[in-house]
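Below is one structure; the comments refer to it alone.
2 protein chains.
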Amino acid sequence: MSPPPPATPFSESPSPPPSAEAADPPETQPTSARRRPGGRTARVREQVLDAVSALLVEGGYDALTVDAVAARAGVHRTTVYRRWKDVGGLLADVLDAAGGDGWRPADTGDLTGDLTALNQEILAGLSARPPITEALIAASFRSDEAARALRRFWDDRYERCGAVVERAVRRGELPADTDARRLLVAATAPLYHELVLLRTPPDPELPAQAARSAALAAAAGAFGGTRG
Amino acid sequence: MSPPPPATPFSESPSPPPSAEAADPPETQPTSARRRPGGRTARVREQVLDAVSALLVEGGYDALTVDAVAARAGVHRTTVYRRWKDVGGLLADVLDAAGGDGWRPADTGDLTGDLTALNQEILAGLSARPPITEALIAASFRSDEAARALRRFWDDRYERCGAVVERAVRRGELPADTDARRLLVAATAPLYHELVLLRTPPDPELPAQAARSAALAAAAGAFGGTRG
Chain W
8 MSPPPPATPF SESPSPPPSA EAADPPETQP TSARRRPGGR TARVREQVLD AVSALLVEGG
68 YDALTVDAVA ARAGVHRTTV YRRWKDVGGL LADVLDAAGG DGWRPADTGD LTGDLTALNQ
128 EILAGLSARP PITEALIAAS FRSDEAARAL RRFWDDRYER CGAVVERAVR RGELPADTDA
188 RRLLVAATAP LYHELVLLRT PPDPELPAQA ARSAALAAAA GAFGGTRG
Chain X
8 MSPPPPATPF SESPSPPPSA EAADPPETQP TSARRRPGGR TARVREQVLD AVSALLVEGG
68 YDALTVDAVA ARAGVHRTTV YRRWKDVGGL LADVLDAAGG DGWRPADTGD LTGDLTALNQ
128 EILAGLSARP PITEALIAAS FRSDEAARAL RRFWDDRYER CGAVVERAVR RGELPADTDA
188 RRLLVAATAP LYHELVLLRT PPDPELPAQA ARSAALAAAA GAFGGTRG
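Residue numbers (my numbering), protein chains in the order written: chain W, 8 to 235; chain X, 8 to 235.
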């Protein structure tokens with residue numbers, strides 16, 4: 008069983024779940040697409056987005072053209088142009104599809120456990136082979152549309168992770184006015200910094216270590232509360 | 008007076024200081040370059056690296072070619088090919104030159120102050136215009152040689168910041184076995200994550216906030232010590 012998409016785009020399965028199409032917010036759905044969830048439109052989208060992911064990990068952003076995607080997906084190029092317009096639109100839809108899942112953060116019973124589980128998913132995503140997450144992050148430096156979609160994806164993931172902080176507040180582990188986003192960024196940022204920017208080999212201890220230090224800081228009121 | 012290069016490549020001044028050439032370790036200095044610090048070789052290097060930075064911020068990685076750099080720098084293209092070989096070599100030398108300075112972290116008298124000062128330099132570097140730091144990070148996703156040079160640069164910066172942790176240990180603010188690198192990454196990673204990957208507008212409170220939370224976690228033993 009593959010893990011659910013973590014707070015990185017995804018770990019192994021680039022295909023959106025069947026519900027992703029129906030879950031799309033209207034503004035990310037080109038008006039020309041006929042919406043028949045589970046039907047031909049959904050199949051074409053899955054084929055096209057799989058082709059984008061495959062080409063991206065194989066040849067990077069430079070290998071991505073609408074024509075190459077259409078050929079790889081086995082669909083007509085005018086279908087791709089009409090629905091996704093260009094490479095930026097394709098990349099954004101890969102990210103929107105990845106975000107259109109039912110992912111929820113693990114509930115382990117305590118804050119450090121929840122943050123460790125989240126960080127383990129991030130580590131798995133960032134060190135997965137093929138490196139789709141890494142390739143999407145790299146592509147976000149080439150396409151503004153992909154950058155905006157990546158930001159939407161992460162904002163949504165951090166939003167869902169707010170549940171981790173709410174549970175910890177309810178258990179009395181954290182001050183009630185803890186800034187969830189700041190705590191979550193503090194807990195997860197060392198993973199992204201080490202693996203994406205510093206390009207350090209994955210350290211299996213880092214997820215728990217970064218989770219523990221953020222939880223200690225949070226309990227001490229670093230993200231709100233009397234000492235914040 | 009411009010600030011010293013922060014833990015990001017640099018904030019405003021892309022020119023290496025006069026000492027940078029002499030300070031180069033042997034392996035980053037192409038063997039064909041005749042080393043006459045302060046002389047013609049140093050001047051040519053400065054002109055060429057300034058041209059690389061200018062072209063990079065103006066047109067991104069795609070605007071960088073050896074010929075364009077030579078034309079912009081007003082030096083013969085064979086000089087550039089001979090000494091830097093290719094775009095990767097040019098980018099790596101920009102980063103090596105930026106690292107060849109006398110930068111040291113500020114000494115404010117306490118750990119939170121030192122980490123805040125460091126984070127303020129990082130925020131300034133990442134939000135500087137022209138966005139040379141941002142452009143170099145983006146280029147590191149295009150060139151393995153630039154990626155390695157960026158990693159060298161940051162590793163060296165974190166190494167120099169070890170002084171911040173040593174001082175805090177001597178003052179009794181931290182356990183003696185504090186892992187300096189982990190603490191420093193925890194303190195600085197939220198800046199990089201928010202500004203480079205999440206692309207959040209610069210938040211002037213973030214430097215102090217991230218510094219305070221890392222210092223609280225460190226004092227609680229999160230990076231070593233009895234509770235680590």
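Built from N, CA and C at the ideal position, the CB exists for glycine as well.
Of all residues in the segment 198-222 of chain W, only 198, 199, 200, 201, 203, 204, 205, 206, 207, 213, 216, 217, 219, 220, 221, 222 place a beta-carbon less than 9 angstroms from a beta-carbon of chain X. Using a Cβ-Cβ cut-off of 8 angstroms, residue 160(W) does not count as an interface residue toward chain X, since no Cβ of chain X sits closer than that to its own. In the three-state reduction of the DSSP assignment, residue 222(X) falls in the helix class. With contacts defined as CB atoms closer than 8 angstroms, residue 225(W) and residue 195(W) fail to qualify as a contacting pair. Contact of residue 189(X) with chain W is assigned, a C-beta pair being separated by under 8 angstroms. Contact annotation: in the segment 166-197 of chain W, residues whose CB is within less than 9 angstroms of a CB in chain X are 186, 189, 190, 192, 193, 195, 196, 197. Against chain W, the beta carbon of residue 144(X) has neighbours under 9 angstroms at 148, 204, listed in chain order.
Counting only runs of 3 or more residues that sit fully inside the segment 46-103 of chain W, no beta strand (DSSP E) segment turns up. Neighbourhood of residue 135(X) in chain W, by CB distance below 7 angstroms: empty, with the nearest CB roughly 17 angstroms away. In the three-state reduction of the DSSP assignment, residue 134(W) falls in the helix class. Proximity of residue 227(X) to chain W, defined by a Cβ-Cβ separation below 8 angstroms, is satisfied. With the criterion set as a beta carbon lying under 7 angstroms from some beta carbon of chain W, the segment 56-86 of chain X has no members that meet it.
Listed in chain order, the alpha helix (DSSP H) runs fully inside the segment 137-162 of chain X are 139-146, counting runs of at least 4 residues. Proximity of chain X to residue 154(W) at the Cβ level (cut-off 7 angstroms) is accounted for by 206, in chain order.
Segment contact: the segment 124-134 of chain W against the segment 70-77 of chain W, fewer than three CB-CB distances shorter than 8 angstroms; contact not assigned. Close partners of residue 105(W) in chain X (Cβ separation under 7 angstroms) are lacking, with about 16 angstroms as the shortest Cβ gap.
Between the alpha carbons of residue 87(W) and residue 99(W) lies a gap of roughly 14 angstroms. Take residue 218(X), set aside five residues on each side of it, and the residues of its chain with a beta-carbon closer than 7 angstroms to its own are 119, 122, 123, 126, 194, in chain order.
For the pair residue 176(X) and residue 170(X), the CB atoms are not nearer than the 8 angstroms cut-off. Here residue 209(W) is exposed. Its C-beta has fewer than 16 other C-beta atoms within 10 Å.
With a threshold of 16 other beta carbon atoms within 10 Å, residue 85(X) falls short and is exposed. Proximity to residue 154(X) across 223(X), 80(X), 220(X), 94(X) peaks at 94(X), based on C-alpha coordinates. Classified as buried, residue 201(X) has 16 or more neighbouring CB atoms from the shown chains inside 10 Å of its CB. As the crow flies, the alpha-carbon of residue 179(W) is around 19 angstroms from that of residue 227(X). For residue 221(X), the closest of 230(W), 214(W), 164(W) by C-alpha to C-alpha distance is 230(W).
If you keep only unbroken alpha helix (DSSP H) runs of at least 4 residues inside the segment 170-231 of chain W, you get 187-199, 213-226. Chain W places no beta carbon closer than 8 angstroms to that of residue 124(X), leaving this residue out of the contacts.
Any Cβ of chain W closer than 8 angstroms to the Cβ of residue 49(X) would place that residue at the interface, and such an atom is absent.
In the same chain as residue 157(W), and ignoring 5 residues on each side of it, the C-beta atoms closer than 6 angstroms to its own belong to 102, 147, in chain order.
For the 8 angstroms CB-CB criterion, residue 142(X) and residue 63(X) form a contact. Sequence-distant partners of residue 51(W) (beyond 5 residues in either direction) whose C-beta falls short of 7 angstroms from its own C-beta, in its chain, are 82, 86. With fewer than 16 other Cβ atoms from the protein chains shown falling within 10 Å of its own Cβ, residue 211(X) counts as exposed. In the structure shown, the three-state DSSP call for residue 121(W) is helix. Only residues of its own chain outside the window of five on either side were considered, and among them 51, 54, 55, 57, 58, 87 have a CB closer than 8 angstroms to the CB of residue 80(W), listed in chain order.
Taking each of 132(X), 223(X), 166(X) in turn and checking the Cα distance to residue 111(X), the smallest one comes out for 166(X).
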